[in-house]
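Going letter by letter, the sequence shown gives residues -26 to -1, 1 to 173 in mature numbering (1 follows the signal peptide of the UniProt record, and there is no 0).
Remarks on the structure that follows.
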Amino acid sequence: MGTLDFIKSLLFICFWVPFLFMNVWSETHWEDIQMLKQFKDSIDSNSIRNISCLSSWDFSVDPCDNLFGEKFTCGIRCDVVLGSISRVTELGLEEASYSGSLSSVDWNLPYLETLDLTGNYVYGWVPDSFSNLTRLKKLRVSGNSLTGSIPESLGFISGLEELSLDNNFLVGIVPLALNGLNNLKRLELLREQAQWLVS
């Protein structure tokens, strides 16, 4: 191989090798990490069992870079949105009797598409800050202990396709704002004890 060919090969390697490793690791956006910490802190530590998803959440490591491993075994999904920066796109917990207040959390995960906390003992009211989840498509909080009324702010999540609030202790009027959810394909609100009035 001549000197010119060697230089060409070297330049080729130097140019392409970084791209090969670009997606091997990812770094979770710091705002998403803070939000995940806040969410875990909102769950009663006594309700987090040793073999549960939340018990594996260890913030000494990067969440999105350690998915499905020994730490962050389950509960979130991430997608790379810019370079090596990842954003949380799904947050879902198994039915493991988690107890905690959703209303104590500032819901600021701008890339979240699915939030699924079905079948636990989450309590408090449905937070207005859910409306911060502007990319949300699926909101599932059925089978918990939520109280109060449905906030009008849910009607501002324009891309929402599925809204499941049934089997809680919600009462009151179904807000007219939900009529503006033009992409909504599934709506679950009923519970035997509740009496709903459509505004």
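Beta carbons: idealized from backbone N, C-alpha and C, even for Gly.
Unbroken alpha helix (DSSP H) run spanning residue i, endpoints
{"i": "L10", "result": "4 to 16"}
Distance between residue j and residue i (C-alpha atoms, nearest Å)
{"i": "N153", "j": "S123", "result": "16 Å"}
{"i": "G117", "j": "V55", "result": "33 Å"}
{"i": "E44", "j": "H3", "result": "21 Å"}
{"i": "L155", "j": "S132", "result": "6 Å"}
{"i": "F33", "j": "S21", "result": "19 Å"}
{"i": "W99", "j": "I50", "result": "23 Å"}
{"i": "S71", "j": "D36", "result": "26 Å"}
{"i": "R114", "j": "T121", "result": "15 Å"}
{"i": "N142", "j": "W81", "result": "20 Å"}
{"i": "I17", "j": "V145", "result": "24 Å"}
{"i": "F46", "j": "I25", "result": "12 Å"}
{"i": "R23", "j": "N94", "result": "13 Å"}
{"i": "L28", "j": "T108", "result": "25 Å"}
{"i": "E68", "j": "E5", "result": "24 Å"}
{"i": "W31", "j": "S119", "result": "24 Å"}
Residue range of the unbroken beta strand (DSSP E) whose run includes residue i
{"i": "L120", "result": "119 to 122"}
{"i": "C52", "result": "50 to 56"}
{"i": "D90", "result": "88 to 90"}
{"i": "W99", "result": "95 to 99"}
{"i": "V35", "result": "Element bounds for V35: n/a, residue is neither H nor E."}
{"i": "T63", "result": "59 to 66"}
{"i": "G146", "result": "146 to 148"}
{"i": "L113", "result": "112 to 114"}
{"i": "L161", "result": "160 to 162"}
{"i": "residue 227", "result": "An answer regarding residue 227 cannot be provided, because it is not within the stretch -26 to 173 covered by the chain."}
Cβ neighbours of residue i in the same chain (closer than 6 Å, five flanking residues each side left out)
{"i": "S127", "result": "D102, S105"}
{"i": "K159", "result": "E135"}
{"i": "S60", "result": "S(-1), T2, C38, C52, V54"}
{"i": "S73", "result": "D18, S21, Y95"}
{"i": "C48", "result": "C27"}
{"i": "S78", "result": "S16"}
{"i": "K111", "result": "E87, G133, E135"}
{"i": "F13", "result": "V79"}
{"i": "A151", "result": "E126, G129"}
Beta-carbon contacts of residue i that lie in its chain and below 8 Å, excluding the five residues immediately before and after
{"i": "E162", "result": "S116, L137, S138, L139, D140"}
{"i": "S75", "result": "S16, V96, Y97, G98"}
{"i": "F42", "result": "C48"}
Cβ neighbours of residue i in the same chain (closer than 7 Å, five flanking residues each side left out)
{"i": "K11", "result": "F33"}
{"i": "N40", "result": "F46"}
{"i": "M9", "result": "N82, L83"}
So does the segment 86 to 94 actually touch the segment 48 to 68, counting three or more Cβ pairs closer than 8 Å? yes
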